[in-house]
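S.K.: The C-terminal position of the sequence shown is numbered 223 in the UniProt record's numbering, with every residue numbered one higher than the one before it. The beta carbon of each residue, even a glycine, is placed where N, CA and C say it ideally should be. First the structure, then my questions, so here it is.
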Amino acid sequence: MDTSKATGKNAPRNLTKGEATRRRILDAARKVFSEHPYHAASVRMVGKAGGFDHPIIHYYFPKKAGLFECVMEEHVAEFRVFMEHWFDGLDAYTTDKGLAVFIERIIAFHLSNKDLFRTLMQNTAHVENFDQFPASAQYAVFHDSFLKTFRQKVHHNASDEEVSKFVYSFTVLAANYLGASSTYARFLGMDGECDAYWAWVKETIHYLFLPRMEKIIFDYEPR
């Protein structure tokens, strides 16, 4: 693995003092931005979460916007790595089974990378001027990369518009159920981290998207 490009929990451990400090700042920032909207999060919060004096953050990241952009760049990079294998082997299944495995994989990804969807959920509803929002480019790349990969990996007879509707709808619903699990689980009388909740998420998304996938998007047949 090219450790020079590793991010987040995959970052190399043989770092210089400066690199290690920058890594600690980013790890703390990932936590803070996953728990607070961008406009409410502060550099002081990042310092507190990381256990260091917040003024040092300005040496590495002069502005909060730059720190947030770096965090989102890491998230997008990690999601792209996941997407490289997200669709692997699905064409060997029926549509029903393939969709179930597809959903299981995104849930498993979230459970090992919880900050991504939580950060998306924290900020989506608070963006009034998207073009001026820090990391707007990363948000767009996140959605566009999924759409592009879906079109490349999945055989379908649908129009570009139909595929876009399917992908964006799937993304929005999955991001909500994953990134705001504690809220939706409470509505259901469950714990947001319990196996019963994740089983409910899988079953619900499968129930809603299977008919559309079978009729419009694609139709896998066992080989």
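Distance, Cα to Cα, S182 vs E104?
M.R.: About 19 Å.
S.K.: Could you check if T119 is buried or exposed, using at least 16 other CB atoms within 10 Å of its CB as the buried criterion?
M.R.: Buried is the call here.
S.K.: In terms of residue numbering, what span does the alpha helix (DSSP H) encompassing M213 cover?
M.R.: Taken as a continuous stretch (DSSP letters only), M213 belongs to no alpha helix (DSSP H), as it is neither H nor E.
S.K.: Buried or exposed, going by whether 16 or more other CB atoms sit within 10 Å of the CB of Y168?
M.R.: Classification for Y168: exposed.
S.K.: If we count the other Cβ atoms within 10 Å of its Cβ and call it buried at 16 or more, is C70 buried or exposed?
M.R.: Buried is the call here.
S.K.: Taking the continuous alpha helix (DSSP H) assigned at S136, which residues delimit it?
M.R.: It spans 136–153 - the alpha helix (DSSP H) in which S136 sits, taken as one unbroken run.
S.K.: Do A29 and L67 have their beta-carbon atoms positioned less than 8 Å apart in this structure?
M.R.: In this structure, A29 lies closer than 8 Å to L67 by Cβ.
S.K.: If you measure between the beta carbons of W200 and L210, is that distance less than 8 Å?
M.R.: Not in contact: W200 and L210 (Cβ atoms no closer than 8 Å).
S.K.: What whole-angstrom Cβ distance do F61 and R24 have, given they're in contact under 8 Å?
M.R.: Actually they do not touch by this definition, with Cβ atoms about 12 Å apart.
S.K.: Can you give me the C-alpha to C-alpha distance between M121 and V172, rounded to a whole angstrom?
M.R.: If I take the Cα positions, the gap works out to 9 Å.
S.K.: Please give me, in chain order, every unbroken run of the alpha helix (DSSP H) with length at least 4 that falls completely inside the segment 149–207.
M.R.: Here the runs fully enclosed are 160–179, 181–187.
S.K.: According to the Cβ coordinates, are A158 and I205 closer than 8 Å?
M.R.: Cβ atoms of A158 and I205: not closer than 8 Å.
S.K.: Give, in chain order, every unbroken run of the alpha helix (DSSP H) that is at least 4 residues long and sits entirely within the UniProt domain "HTH tetR-type" (19–79).
M.R.: Correct list: 43–50, 55–60.
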